[in-house]
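Following: one structure in structure tokens, then a few remarks.
Number of protein chains: 4
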Amino acid sequence: MDHQEIFDQAIQGMLDSLKNEQEMTEKQRRILESAIKLFAEKGFHASSTSEIAKDAGVAEGTIFRHFKTKKDLLYALVAPMLIKFASPLVLKDVKRIMGDAEQPADQILEQLLHNRLELINQNWPRMKIIMQEAQFHPEIMDAIVENIAREARLLGENFVQTRMDAGEFRDLPVKAVIRAIVSTALGYIFFQHMFPNEENDRTEEIRTMVDILLNGIKRKNPD
Amino acid sequence: MDHQEIFDQAIQGMLDSLKNEQEMTEKQRRILESAIKLFAEKGFHASSTSEIAKDAGVAEGTIFRHFKTKKDLLYALVAPMLIKFASPLVLKDVKRIMGDAEQPADQILEQLLHNRLELINQNWPRMKIIMQEAQFHPEIMDAIVENIAREARLLGENFVQTRMDAGEFRDLPVKAVIRAIVSTALGYIFFQHMFPNEENDRTEEIRTMVDILLNGIKRKNPD
Amino acid sequence: MDHQEIFDQAIQGMLDSLKNEQEMTEKQRRILESAIKLFAEKGFHASSTSEIAKDAGVAEGTIFRHFKTKKDLLYALVAPMLIKFASPLVLKDVKRIMGDAEQPADQILEQLLHNRLELINQNWPRMKIIMQEAQFHPEIMDAIVENIAREARLLGENFVQTRMDAGEFRDLPVKAVIRAIVSTALGYIFFQHMFPNEENDRTEEIRTMVDILLNGIKRKNPD
Amino acid sequence: MDHQEIFDQAIQGMLDSLKNEQEMTEKQRRILESAIKLFAEKGFHASSTSEIAKDAGVAEGTIFRHFKTKKDLLYALVAPMLIKFASPLVLKDVKRIMGDAEQPADQILEQLLHNRLELINQNWPRMKIIMQEAQFHPEIMDAIVENIAREARLLGENFVQTRMDAGEFRDLPVKAVIRAIVSTALGYIFFQHMFPNEENDRTEEIRTMVDILLNGIKRKNPD
DNA sequence: AATGAATGAGGGTTCATTCAT
DNA sequence: TATGAATGAACCCTCATTCAT
């Protein structure tokens, strides 16, 4: 079985497991939740199926009735996240927001960050697992790139280019600007989980972040 | 053995393994290098000692003659990195650079980023392992926080505050400014390793990054 | 974990494994029997779990499903013996026999020896293992002393003292008398297993042993 | 290699290692002593050569320079004991004592017990090892039986028979009498090492033991 | 003679997975 | 559908032994 096959199969597995997350039985959900908890806490390889079973309160065999393989369990918990980020619905939303040339960039970025960070925070354990395991499971990495990164990049480039053409943004390499934006978001997540104890007012923080970011990017208005 | 003991012991293990990295035997070095390679590629838990042995061209038992435990092997490859980042020598350098109020912030940040990114890039596999495993091995995380993060934070705060007092930087929350700086660096690393194929001129990229960053932070001179 | 904890845990393990020896599954019993056989033949440390598995006709993993640890396997085979010797039921029996001042000492000792030697012989491999390993596993030794030796000693002292007070036994150090009795029993076991081939009529042999023993202990009646 | 060959080779090994115990080098003696200590403490299989080397303060390789095999180390420590017990010199002594029909049995037994118990006590760790390992190493067991037990038995039977013929001992099965004597000795050793803390006056204890023993065996004189 | 690095077989134990119930 | 006993490969690690120095 070559890489492509593995990949296809994995993707298929993800899609299969996807449809139903809503229609899952009680036990399936409990298994999935325990897997999320443990994978996030200790990593995929360091969590054993027996632990998951115990934590979920089911027999070990039950796991394999619902998820053919331990790896399928991983896929089953990764896939919905990818879908959520990639779903046309969501992207249409994003597109609409970003495409609105009338709306000030500040508002757009603030909304965007709020929106995405909220999504990430609400699903933090899953996100952590994805970021961890994407490095070691090319199928997952590929799925991210294919389904999210590529599209997001286009969206971003379009947004930046538009503003640049309109003279709102300075004349900088588009890639650098996008990197600055993404870095801002990633860095925020990083700090949040690295130093989780410090209280913070997210709305205010985002405002400041965007302020710094856009001040760095925008053309200085000569007023 | 409670957590503190484990931690102390781990640190001690790191220090022990440290002194010699230069005076390592051929085999020790080969083992360490294979471990670095495999841990970076597949993760700590997913790499077996037998694989490492095979890759290093030694008997499996030989690993344990030189590194009491698989975890000690991890420590032995983590520790020198932490030391390199934390070494007073390096920090003094950093201190000197950052403390020089005469030097323009641009130059300081460019130098700093260059310097640190170089260090990280030259030791990328190790860095990847550290970032991966710190999440699951509290001793490593603690060592990072105790020996690096804390000091770096103070240094950063001092630098930012000084510039702010001097009116060079805008009046922003210090934490937010530091976060912006760190995010810039982290984001750069992230992009570099997420999309490794794109050619790039690091010096130029850093200049642009610092440009955006400082434009965002600095008070706009009314010229 | 200090010694006491280890001990308590070991005892707990013994008790846990105890309840069920009757309700053991077929495989458990086979494992236990193979362990008994091999430990007795070659010693605890010289018998490997893989050998035991092979002898029992199960997979090696199966052993560890039923007995958390190789040592637990040892406990599981030691504990029932200790219980058998220490069980109040048995001791009450012994007490009754020994406490009956009317019954001649000859009969008491003969019954006692018969009874205990039978017990030991029927469980000889286990007994051999216990005697072997008690020397190296303080928990086992402690369990013996706490649960059997202490009680047995009191019982013995009481018996001897009573007979002495009644003038039936000579005026000798109680400890020496007890030692003589116990030595008789131990020596018999020793000879039996050192030179197993010689046919013997146990009833007759015991009678002779008790004869010699009591002749040595009893006051000579002047008739 | 069949059993006989193993046996012959083992015996040869013992003899080889024997000659020199006096002419051993410092290191050899230290190795042997550490082996004795550790084998007695933890058993043969549970003691590793590396432990022995560390305890003896030599390199691990050094052990194998002097003792071809770990088992040879065992033989080297067992053999001198067997020799000591079996040496014609000693036996001649014993023979002389036991053969002296004039001497009262009490004195003979007291002397004998004193003598042998002293020998055993002075070499207790070795004795413990021999008793332990003889059960698992047929060569050792055979050596004991061939060189000691057989001879001792003859000696004992002769002694008992003589006294019986002379009317000093009651008319009992010779084997039973011998067993009583040996049991007395073994039991004493057992108690001594089972309850080592109680102070004791050996001379007095032996006198009592022999008193009980002979009272049990001797014909009651009608004085 | 003495060392200690190197070996690889084998140790006890855990693992993901299967299957009869 | 759910179970959990059973599996045997693979895990990390220790062992007795060898051998170049």
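Protein chains in written order, with the working numbering: chain S, 2 to 224; chain H, 2 to 224; chain G, 2 to 224; chain R, 2 to 224.
Glycine residues also receive a C-beta, built at the ideal position from the N, C-alpha and C atoms.
In terms of beta-carbon proximity, Met165 of chain S stays away from the interface with chain H, with every pair separated by 8 Å or more.
Per DSSP, the beta bridge partners of Lys219 of chain R are R:Phe170. Distance check between Leu83 of chain R and each of R:Ile109, R:Arg180, R:Met25, R:Met128 places R:Met128 closest, using alpha-carbon atoms only. Inclusion of Leu78 of chain R and Leu113 of chain R in the CB contact set at 8 Å is not warranted, their separation being larger than that value. Contact between Leu187 of chain S and Ser184 of chain H is confirmed by a C-beta separation of about 7 Å, below the 8 Å threshold.
Asn216 of chain S sits buried, since 16 or more C-beta atoms from the chains shown fall within 10 Å of its C-beta.
Rounded to whole angstroms, Val146 of chain R and Met195 of chain G show a C-alpha spacing of 10 Å. For Ser35 of chain H, the three-state secondary structure derived from DSSP is helix.
Contact check for Lys219 of chain H against Leu156 of chain H fails: the beta carbons are separated by 8 Å or more.
Counting along the chain, Lys85 of chain G sits inside the alpha helix (DSSP H) bounded by residues 71 to 87.
Residues are counted here when their Cβ sits less than 9 Å from a Cβ of chain S; for the stretch 206 to 222 of chain H these are Glu206, Thr209, Met210, Asp212, Ile213, Leu214, Leu215, Asn216, Gly217, Ile218, Lys219, Lys221, given in chain order. When Cβ-Cβ separations below 8 Å define contact, Pro139 of chain G makes no contact with chain R. Shortest Cα-Cα distance from Pro174 of chain H to any of S:Ala153, S:Gly168, S:Glu205 involves S:Glu205.
Under the three-state reduction of DSSP, Asp94 of chain R is assigned to helix. In this structure Ile121 of chain G is not in contact with Ile207 of chain G, their Cβ atoms being roughly 13 Å apart against a cut-off of 8 Å.
Non-local C-beta neighbours of Leu118 of chain S in its own chain, meaning closer than 8 Å and more than five positions away in sequence, comprise Ala186, Tyr189, Ile190, Arg203, Ile207, ordered along the chain. When the alpha-carbon of Val211 of chain S is set against those of S:His115, S:Ala80, S:His46, the nearest one is in S:His115. DSSP places Ala150 of chain R within a helical segment (H, G or I) once states are collapsed to three. Contact annotation: Asn159 of chain R and Ala87 of chain R have beta-carbon atoms that are not nearer than 8 Å.
For Ala144 of chain S, the enclosing alpha helix (DSSP H) begins and ends at 139 to 145. Assigned with DSSP and collapsed to three states, Ala47 of chain H falls in coil, not helix or strand. Contact annotation for Ala181 of chain H against chain S: Thr185, Gly188, Met210, Ile213, Leu214 [CB-CB distance below 8 Å, chain order].
Taking every protein chain shown into account, the CB of Ala167 of chain R has fewer than 16 other CB atoms within 10 angstroms, so this residue is exposed. Contacts with chain R at 8 Å (Cβ-Cβ) do not include Leu33 of chain G. Within the stretch 35 to 56 of chain G, Lys43, Gly44, His46, Ala47 place their CB atoms closer than 7 Å to a CB of chain R, listed in sequence order. Following the DSSP letters along the chain, one finds Glu103 of chain H in no alpha helix (DSSP H), marked with neither H nor E. Of the candidates G:Ser48, G:Met25, G:Glu24, the residue whose Cα lies closest to the Cα of Ser35 of chain G is G:Ser48. The C-beta of Gln133 of chain S has 16 or more other C-beta atoms within 10 Å across all chains shown, which makes the residue buried. With the criterion set as a beta carbon lying under 9 Å from some beta carbon of chain G, the stretch 95 to 108 of chain R has no members that meet it. No Cβ-Cβ contact shorter than 8 Å links Ala181 of chain R with Ile179 of chain G. Straight-line spacing of the CA atoms in Ala60 of chain H and Ala54 of chain H works out to 6 Å. Taking 8 Å as the CB threshold, Leu173 of chain G lines the interface with chain R.
Collapsing the DSSP output to three states places Pro126 of chain H in a helix.
Contact annotation for Ala177 of chain H against chain S: Glu206, Thr209, Met210, Asp212, Ile213 [CB-CB distance below 9 Å, chain order]. Rounded to whole angstroms, Lys221 of chain S and Glu169 of chain S show a C-alpha spacing of 9 Å.
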